[in-house]
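Trainee:
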Amino acid sequence: MPATSEWQSRTVDRVETKYRRIVTPIPVPESIPILEKLKRCEPEAMGGQPPVVWDRAEGVHVFDRWGNQWLDWSSGVLITNAGHGRAEIVDAILSQARKPLLTSYCFPNEVRAALVEKLVSMSPAPLEKAFLLTTGSETIECAIKLARTNGIKQGGREKSVIVSFDRAFHGRTLGAQMAGGIPGLKEWIVNHDPGLVQVPYPDGFRTDDVGFALFEETLERLRIDPRHVAGVLLETYQGGGSSFCPKEYIQQLKKWCDAHQALLIFDEVQAGFGRTGKLFGFEHYEVVPDLACFGKGLSSSLPISAVLGRQDVMDLYPPGAMTSTHTGNPLCAAAALANLDLILRENLALNALKVGGIMHCKLAGIKNKYPATIGAHHGMGLVAGLHMVKPGGKEPHGELAKAIVRRAVEKGLLMFAPVGFGGATVKICPPLCINEEATVEAVHVLEECIEECA
Ligand SMILES: Cc1ncc(COP(=O)(O)O)c(C=O)c1O
């Protein structure tokens, strides 16, 4: 029985290297009852990922129960910056659990205090206060709320517009999705908030014009008075394509925000904590935002997220008015603290820069070899996106991207399903502790997959 219509179990070549081991058909026939159970009991929307039933994950590896071992290029979904199942993180969780102190709502607890202090001390001014939440989407909702509250306070109720970007992804809750820039994900939102608008994202591929003038021209076209803008929200790099903005653009944006008393908000949910080769992704632009949203790599494990921001903005609400049931949950906070210690102690941002540099060099070579099928290669540090296109043009080629990911998984290189515009970006985002040897092997596997599928 097939697990999904797309992934019939099939015999694949045996793989046995230092980093990868594939010894069964894929999907593993014995795993199919589990996959079917998920399909039966979960919403359809939870499907779509390669049918690898994770049993254990350590460092840069994911293992199933049937003897297969993948070299991981997913980090879950850019979660495990420090690596999967790091002993230091496991120990921190266990010792916190054994106290036991499993929750404390907003009552003070010591580990939460240590975490917010750590976050504030490692962040540049003016990121002076930290508010802990559970998911990335919640941090976006919170940042929108704070920016609007601040705008209204500065300039009255008209100063409430939040500008975000085409093709942006900020999460799946109402506000986060409205601030997103992917029309297909927003069809269900009947009453669009006219105060949440999008402008072109200067990625240099889907939007050729990377000049800042386009930002101002678009606001003018949308009849948005700059004085009414409360905040500008953007991903440090767009997750859908691993696409960064030009530094010059962001520096002008920062000046524009300051001139119009609009908060600059970076969504660092993917970019934070070393992923891009800097501790914070916004360092590449040599600006510091007024608010920054973090999630994923903050703990490399348990669900915890954070908004960091200017003290005057973070303190806009009085005691008890900006809280969340699981804020700074002690287990999650312990995991995050241990994770941040690892990222700093092992200088994983530097590793991402070095190993990522080698990876990007090789990916650029692959792009040059297949110019008709790889429309663009974006990314920095240990995040990359290959934008697959129909021969010779810019039309996204989602089917090809899917076929490449499937071949990679069959060869022991784990990637999540393609993302981004037209579902055509093959996304590469290993744990930041990956070494050069494993990276070179993985890029070689990817090249084989492209060769076989293109
Ligand atoms: C840039 C970015 N922002 C926000 C989110 C939403 O985070 P979460 O899924 O934890 O709500 C994501 C998730 O992929 C993301 O990539």
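The working numbering runs 704 ahead of the 1-based position in the sequence shown.
The beta-carbon is built from N, C-alpha and C at its ideal position, and this holds for glycine as well.
1) Taking only the alpha-carbon atoms, compute the straight-line gap between Leu-1006 and Ala-1039 and give it to the nearest angstrom.
2) Is it right to say Gln-858 is buried, meaning 16 or more other beta carbons lie within 10 angstroms of its own, or is it exposed?
3) Could you check how far apart the C-beta atoms of Ser-946 and Ile-783 are, in whole angstroms? I think they sit under 8 Å.
4) Which residue comes first and which comes last in the beta strand (DSSP E) that contains Ala-1088?
5) For Cys-745, does the three-state DSSP call read helix, strand or coil?
6) Anyone know if the C-beta pair for Phe-835 and Met-1018 falls short of 8 Å?
7) Take the Cβ of His-1148 as the centre, count every other Cβ of all protein chains shown within 10 Å, and call the residue buried at 16 or more, exposed below.
8) Using the Cβ count rule (16 or more neighbours within 10 Å means buried), how would you classify Ala-1146?
9) Going by other Cβ atoms of all chains shown within 10 Å of its Cβ, with 16 needed for buried, is Thr-1129 buried or exposed?
10) Go through the residues and name those whose CB comes closer than 5 Å to any heavy atom of ligand 1, in chain order.
11) With a threshold of 16 other CB atoms inside 10 Å of the CB of Met-923, please say whether the residue is buried or exposed.
12) Given 8 Å as the limit, is there contact between the region 932 to 940 and the region 868 to 876, that is, 3 or more CB pairs closer than that?
13) Can you grab the Cα-Cα spacing for the pair Phe-948 / Gly-1079, in whole Å?
14) Any idea if Arg-769 is buried or exposed, counting beta-carbon neighbours within 10 angstroms, 16 or more meaning buried?
15) Does the separation of the CB atoms of Asp-795 and Pro-1134 fall below 8 Å?
16) Distance, Cα to Cα, Val-1122 vs Pro-1023?
17) What does a CB cutoff of less than 7 Å around Gly-1126 pick up in its chain, not counting 5 residues either side in sequence?
18) Pick out the complete beta strand (DSSP E) segments inside the region 1116 to 1142, 3 residues or longer, and give them in chain order.
19) Give the secondary structure of Phe-811 by DSSP, where H, G and I count as helix, E and B as strand, and everything else as coil.
20) What residues match up with Gly-1083 in a beta bridge as DSSP calls it?
21) Could you check how far apart the C-beta atoms of Thr-843 and Gly-999 are, in whole angstroms? I think they sit under 8 Å.
22) If you follow the alpha helix (DSSP H) that Glu-939 is in, where does it begin and where does it stop?
23) Kindly indicate the opening and closing residues of the alpha helix (DSSP H) around Gly-840.
24) Which residue from His-896, Ala-801 and Gly-1124 puts its Cα closest to that of Asn-1033?
25) Comparing C-alpha positions only, which one of Gly-1089, Lys-1066 and Gly-985 sits nearest to Glu-1140?
26) Alpha carbon to alpha carbon, how far is Asp-971 from Leu-850? Give it in angstroms, no decimals.
27) Using CA atoms only, rank isn't needed, just tell me which of Val-1109, Pro-1075 and Val-1087 is closest to Val-1093.
28) Could you have a look at Gln-902 and say whether DSSP puts it in helix, strand or coil?
29) Buried or exposed: where does Ser-799 fall if 16 or more other Cβ atoms within 10 Å of its Cβ makes it buried?
30) Helix, strand or coil for Gly-763? Go by DSSP, reduced to three states.
31) Give the DSSP-derived three-state secondary structure of Cys-997 in the structure shown.
32) Please state whether DSSP places Met-705 in a helix, a strand or coil.
33) Pull up the distance between the alpha-carbon of Leu-1012 and that of Pro-904, whole angstroms please.
34) Measuring CA to CA, which of Leu-878, Arg-744, Cys-997 and Asn-785 is closest to Leu-900?
35) What residue range is occupied by the uninterrupted alpha helix (DSSP H) comprising Trp-777?
Mentor: Reading it off the structure:
1) Working through the sequence shown from its first residue, we reach residue 1006 at position 302. Working through the sequence shown from its first residue, we reach residue 1039 at position 335. In a straight line, the C-alpha of Leu-1006 is about 7 Å away from that of Ala-1039.
2) If you number the sequence shown from 1, residue 858 lands on position 154. Gln-858 comes out exposed.
3) For this step, residue 946 is matched to residue 242 along the sequence shown. For this step, residue 783 is matched to residue 79 along the sequence shown. Actually they do not touch by this definition, with Cβ atoms about 16 Å apart.
4) Within the sequence shown, numbered from 1, the residue matching residue 1088 stands at position 384. Per DSSP, Ala-1088 belongs to the beta strand (DSSP E) from 1087 to 1092.
5) Residue 745 sits at position 41 when you count from the first residue of the sequence shown. Three-state DSSP puts Cys-745 in a helix.
6) For this step, residue 835 is matched to residue 131 along the sequence shown. For this step, residue 1018 is matched to residue 314 along the sequence shown. A contact, by the Cβ cut-off of 8 Å.
7) For the purposes of this step, residue 1148 is taken as the residue at position 444 of the sequence shown. With fewer than 16 Cβ atoms within 10 Å of its Cβ, His-1148 is classed as exposed.
8) Residue mapping note: residue 1146 aligns to position 442 of the sequence shown, counting from 1. Buried, since its Cβ has 16 or more Cβ neighbours within 10 Å.
9) By one-based count along the sequence shown, residue 1129 stands at place 425. With 16 or more other Cβ atoms within 10 Å, it is buried.
10) Thr-839, Gly-840, Ser-841, His-874, Gly-875, Glu-939, Gly-943, Asp-971, Val-973, Gln-974 and Gly-999
11) Reading the sequence shown from its first residue, position 219 is the one you call residue 923. Reading off the sequence shown, one finds Leu at residue 923, where the question assumed Met. By the neighbour-count rule (16 or more Cβ atoms within 10 Å), Leu-923 is buried.
12) yes
13) Translated into positions along the sequence shown, residue 948 becomes position 244. Translated into positions along the sequence shown, residue 1079 becomes position 375. Phe-948 and Gly-1079: Cα-Cα distance of roughly 16 Å.
14) If you number the sequence shown from 1, residue 769 lands on position 65. So Arg-769 counts as exposed.
15) What you label residue 795 is simply residue 91 of the sequence shown in a count that begins at 1. What you label residue 1134 is simply residue 430 of the sequence shown in a count that begins at 1. Not closer than 8 Å, so no.
16) Sequence index remark: in the sequence shown, residue 1122 carries index 418 (1-based). Sequence index remark: in the sequence shown, residue 1023 carries index 319 (1-based). Note that residue 1122 is Pro in the sequence shown here, rather than Val. Each residue's Cα considered, the two are about 43 Å apart.
17) By 1-based counting over the sequence shown, the position of residue 1126 is 422. Taken in chain order, the residues that qualify are Pro-1100 and Gly-1102.
18) 1129 to 1132
19) Sequence index remark: in the sequence shown, residue 811 carries index 107 (1-based). Looking at Phe-811 - three-state DSSP - the assignment turns out to be coil, as it is neither helix nor strand.
20) Taking the sequence shown and counting its residues from 1, the one referred to as residue 1083 is at position 379. Ala-1088.
21) Looking up residue 843 in the sequence shown gives position 139. Looking up residue 999 in the sequence shown gives position 295. The Cβ separation is near 6 Å, so the contact holds.
22) Counting from one through the sequence shown, the residue named residue 939 turns up at place 235. Counting along the chain, Glu-939 falls outside any alpha helix (DSSP H), though it belongs to the beta strand (DSSP E) covering 933 to 939.
23) The residue labelled residue 840 in the question sits at position 136 within the sequence shown. Where Gly-840 is concerned, the enclosing alpha helix (DSSP H) stretches over 840 to 859.
24) Within the sequence shown, the letter at position 329 stands for residue 1033. Out of His-896, Ala-801 and Gly-1124, Ala-801 has the C-alpha closest to the C-alpha of Asn-1033.
25) In the sequence shown, counting from the first residue as 1, residue 1140 sits at position 436. Cα-wise, what sits closest to Glu-1140 is Lys-1066.
26) As a position in the sequence shown, residue 850 is number 146, starting the count at 1. As a position in the sequence shown, residue 971 is number 267, starting the count at 1. For Leu-850 and Asp-971, the distance between alpha carbons rounds to 14 Å.
27) Locating residue 1093 in the sequence shown gives position 389, where the first residue counts as 1. Comparing Cα-Cα distances from Val-1093 to each of Val-1109, Pro-1075 and Val-1087, the minimum goes to Pro-1075.
28) What you label residue 902 is simply residue 198 of the sequence shown in a count that begins at 1. Correct three-state label for Gln-902: strand.
29) Start at 1 with the first residue of the sequence shown, and residue 799 comes out as number 95. With fewer than 16 other Cβ atoms within 10 Å, it is exposed.
30) One-based indexing of the sequence shown puts residue 763 at position 59. It is a strand residue.
31) Here residue 997 refers to the residue found at position 293 of the sequence shown. Looking at Cys-997 - three-state DSSP - the assignment turns out to be strand.
32) By 1-based counting over the sequence shown, the position of residue 705 is 1. Low local confidence applies: a pLDDT of 36 at Met-705 is under 50, so the model's placement there is unreliable, with the coordinate-based value given in what follows. In this structure, Met-705 counts as coil in the three-state DSSP scheme.
33) In the sequence shown, the residue the question calls residue 1012 occupies position 308. In the sequence shown, the residue the question calls residue 904 occupies position 200. Going from the Cα of Leu-1012 to the Cα of Pro-904 covers about 26 Å.
34) Taking the first residue of the sequence shown as 1, we reach residue 900 at position 196. Per the Cα distances, Leu-878.
35) Position 73 of the sequence shown, counted from the first residue, corresponds to residue 777. Taken as a continuous stretch (DSSP letters only), Trp-777 belongs to no alpha helix (DSSP H), as it is neither H nor E.
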